[in-house]
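Chains as they are written, first to last, in our numbering: chain G, 132 to 290; chain P, 15 to 808. Glycine included, C-beta positions come from ideal geometry on N, C-alpha and C. All figures in this text were calculated on a predicted structure; none of them were measured in a lab. First the structure, in the form of structure tokens, and then the observations on it.
This is the structure we're talking about:
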């Protein structure tokens, strides 16, 4: 039995038919073709599938698709600017060497964005807390922390 | 040292923006028209005869397009000793044996169909411990070898042995001796992007496979052989490597799931995708082997090593992969880390009913360095010498040949040891802490390729377009480590163009020249050496053509310049006379004559020259190809002799730790790493390699362990198999790179992908001993082990 749901995805309303057992990530990567959100474990342990729902970073592999009805979802695809440019945070990840294989990157960036949106001047502990659910096997996290710090400084300068 | 324009400068990676935007396409993101989804039915027993397989219910399920077993498909053998089969016929030898597979229109249907497959087994007694497996009368994992000859034991028929000097004489001259048995667990590569592939046949029965591989060309060879086994001799495979979500050695073999996807694609005539779930990845993808290493070392009264005796036993699991050759790398530190004149090394591998193992970063070196560097501290204590002084006394030196025949060219081990000691404040902190301590460990690793196959070569093509851009075709694999980042810089530097003008094309056996594979920290070393050769060839061609075109084109430049600047008087300079191939230079994409006046019109854009050459009658376009084969040797592993690499990387890592004696918890206060990297190619990428490898070493040291009970993986998820999180990496890491400017290295550089992992665990173990006086010889160093050891010494 499919149910049609509607929600805001990266600023635009979308309508999609979903099964009761579908998770948000199934809908994003399936019918909506938003493959920027990655599935690393399917059990909420690695954070690769992180998206932002109404301002909160959420594992989309644990989130029932039906529950997104009427909510606002931001995925990595929603961060790009109007002239095909990266956001300050994304650029900072690139410039600081925070990306290697890149599979954890979209989820990592979404967790960092949710943090910076709510806490523009985070301490290093705040950053670690915000990213503790996002696993990375390549980088050892050092340059990821540096990237978030740098983005916070740059965004502060813009305010 | 030479000054470089791009090499050594911080540069972000070319694939970074797409990865940051979620636009990079991994195997999980790829789709082909009409694609089906494959799923595998794995064994329910660790050791059993297969009595009956009933696939009838699965076949009837709506949406199922094919169900295959060994009974209805040709036999495909694979594995390092060709002891494995894509689908198992008579017998299963571990839980991950593939019994049947399904192709269906969606993943859910495929999964449902697999659950409908019924298998009847006759369970056999299993053997799960390498010691047990070697006992007489132990159940035989393989009753016959791949040639059909009966087997009488579980020993793997591979010999890794070394003897040099006079061991008994070395023992006689030893005043102090330390002996110990050190073990390491199975650990998983834990790529964030799980394994998978898409296999597709065209109507001529040639195969295209999108594979998560580090060895596209050896995979092509394996798959072509499989096509032949399938009754398609002479048919070809094209291997395309998508963006890889990490690899860390897991892509150094071809896998049963790939052969199964190929069989399903051929059976259905449609593309078939198989991607592992995280649970499948943990349970069914080969991890790093466990190891048990016995080591005895001795030194004379002055602390000079007199002998080293090593026996290794490895639980290989049920089938062989390239991972069965770990001892080929273990014998490198065993014979060659520190100067030791009399060495004995022997390794045995045994089949068991455990999951079979494969390569992971370091490939035997972390296992062996764990034993060796723990034992070095124990011997130093026996001899009453400070472990740092002991290492300095026995350190390797430049231009020496080791007992294995390794020809060390440059060696920065002295500087690495001194740097770590200085940064750790060694003399002050050592033996001073209350529950806190410092420790160090060093490494040697291949830094100039690693010849473990007939060819250790790497081909590269540079193709110039009409606009001055350089298209690079290289068979090495970017798996996240930053190969394309340094290759971009190397091409820009060596050719004389801007990095933005360099385009690295996707790795594809159909378009790229042969490369043995991205392993042994060889990627950057090989690719950049090949890039330098190719760039030099291309520059010769460009400068030869410039003799004809430069005067003509710059004449036009001057004309235009004069129109814009009336009254301009050009300096006296005879362009015609100066335009000789040996006087040209190319930089930033502009050709000019060395020592010519600095006039803007005397610079010719590369693209303009290329267009002029292209569009004249009988024009031409510039492409060049090279095949770089490094000056190293395929060792005789039965004798343990041969210069496996063109140059060797050295390094030392140190740790300062605090141990809670109530809970046994280890807190890392800081880590220091000093590596002889030859030359820093890109500090951003290099730091990332060391930080990341060090984090993997931390997990190896303190908590990572693939738990197996009677052959079953008990922790197939990130909840129960813990890898370091951002909260665990909550300590300062001080990196220092020692530049020894190696003559074999591209721009002086050595390979450094693996070294950061290699000495991390023993450095931490040695620091724990300094802190609380307990010596843990069995990884991982869990709080339970520390508490038990503390109890013993009380």
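- Task: Using a Cβ-Cβ cut-off of 7 Å, state whether residue 38 of chain P counts as contacting chain G.
- Result: yes
- What residues from chain G crowd round residue 701 of chain P, counting only those whose CB sits closer than 8 Å? 228, 273, 274
- Task: Whole angstroms is fine: what's the gap from residue 409 of chain P's alpha carbon to residue 792 of chain P's?
- Result: 26 Å
- Tell me the start and end of each unbroken beta strand (DSSP E) in the stretch 666-701 of chain P that is at least 3 residues and wholly inside, in chain order. 680-690
- Item | Neighbour-count burial assignment, residue 765 of chain P, 16 or more Cβ in a 10 Å radius | So residue 765 of chain P ends up on the buried side.
- Item | Meets three-Cβ-pair contact criterion under 8 Å: the stretch 244-251 of chain G and the stretch 742-757 of chain P | no
- Count the other CB atoms, across all protein chains shown, that sit within 10 Å of the CB of residue 238 of chain G; report buried if there are 16 or more and exposed otherwise. buried
- Task: Determine which residues share a DSSP beta bridge with residue 146 of chain G and list them.
- Result: G:137
- Query: Taking C-alpha atoms, which residue in P:725, P:741, P:693 lies nearest to residue 20 of chain P?
  - Reply: P:693
- Task: Could you tell me whether the Cβ atoms of residue 271 of chain P and residue 288 of chain P are closer together than 7 Å?
- Result: Taking 7 Å as the cut-off, the beta carbon of residue 271 of chain P is found closer than this to the beta carbon of residue 288 of chain P.
- Let me know the alpha helix (DSSP H) ranges lying completely inside the stretch 92-151 of chain P, each 4 residues or longer, listed in chain order. As summarised for the stretch 92-151 of chain P, the continuous alpha helix (DSSP H) elements at least 4 residues long and confined to that stretch are 121-129, 144-148, given in chain order.
- Message: With three or more C-beta pairs closer than 8 Å as the rule, is the stretch 488-508 of chain P touching the stretch 451-471 of chain P?
- Response: no
- Message: Among the candidates P:541, P:369, P:786, P:591, whose CA atom is the shortest distance from the CA of residue 107 of chain P?
- Response: P:369
- Message: Taking the straight line between their C-alpha atoms, what separation do you get for residue 280 of chain G and residue 424 of chain P?
- Response: The alpha-carbon separation between residue 280 of chain G and residue 424 of chain P amounts to approximately 38 Å.
- Identify, in the order they occur along the chain, each residue of the same chain with its Cβ nearer than 8 Å to the Cβ of residue 160 of chain P, setting aside the five sequence neighbours on each side. 91, 95, 96, 97
- Using DSSP bridges, identify the partner residues of residue 164 of chain P. P:158
- Of the residues P:318, P:168, P:137, which one's Cα is nearest the Cα of residue 151 of chain P? P:168
- Task: Give a yes or no on whether the minimum CB-CB distance between residue 705 of chain P and chain G is below 7 Å.
- Result: Judged by the 7 Å Cβ criterion, residue 705 of chain P is in contact with chain G.
- Task: Output yes if chain G places a C-beta closer than 7 Å to the C-beta of residue 708 of chain P; else output no.
- Result: yes
- Relative to chain P, which residues along the stretch 195-207 of chain G have a C-beta separation below 7 Å, given in chain order? Residues 207.
- Query: Can you name the start and end residues of the beta strand (DSSP E) that residue 454 of chain P belongs to?
  - Reply: 450-460
- CB-CB length for residue 523 of chain P against residue 231 of chain P, believed under 8 Å: 6 Å
- Task: Using a cut-off of 8 Å between C-beta atoms, extract the partners of residue 291 of chain P located in chain G.
- Result: Residues of chain G whose Cβ lies closer than 8 Å to the Cβ of residue 291 of chain P are, in chain order, 173.
- Query: Taking C-alpha atoms, which residue in P:730, P:324, P:331 lies nearest to residue 361 of chain P?
  - Reply: P:324
- Kindly identify the DSSP beta-bridge partner or partners of residue 485 of chain P. In the DSSP output, where bridge partners are listed per residue, residue 485 of chain P has P:477, P:517.
- Shorter than 7 Å from the beta carbon of residue 31 of chain P to some beta carbon of chain G? yes
- Message: Within the continuous alpha helix (DSSP H) that includes residue 503 of chain P, where are the two ends?
- Response: 497-505
- Runs of alpha helix (DSSP H) lying entirely within the stretch 373-460 of chain P, each at least 4 residues, in chain order: Taking 4 residues as the shortest admissible run, the stretch 373-460 of chain P contains the following complete alpha helix (DSSP H) segments, listed from N- to C-terminal end: 379-397, 401-408, 427-438, 440-443.
- Interface partners of residue 495 of chain P on chain G, CB under 7 Å: Listed along the chain, the chain G residues whose CB falls inside 7 Å of the CB of residue 495 of chain P are 231.
- Where residue 651 of chain P falls, given that 16 or more other Cβ within 10 Å makes a residue buried: buried
- Which bits of chain P does residue 236 of chain G rub up against, with CB to CB less than 7 Å? 33, 34
- Task: Can you tell me which of the three DSSP states residue 200 of chain G falls into?
- Result: coil
- Message: Could you tell me the alpha carbon to alpha carbon distance between residue 200 of chain G and residue 276 of chain P, rounded to whole angstroms?
- Response: 41 Å
- Task: Go ahead and label residue 76 of chain P buried or exposed: buried means 16 or more other beta carbons lie within 10 angstroms of its beta carbon, across all protein chains shown.
- Result: exposed
- Are the C-beta atoms of residue 155 of chain G and some chain P residue less than 7 Å apart? Not an interface residue.
- Where residue 104 of chain P and residue 65 of chain P are concerned, what is the direct C-alpha to C-alpha distance, given to the nearest angstrom? Using only the alpha carbons, I get a separation of about 7 Å.
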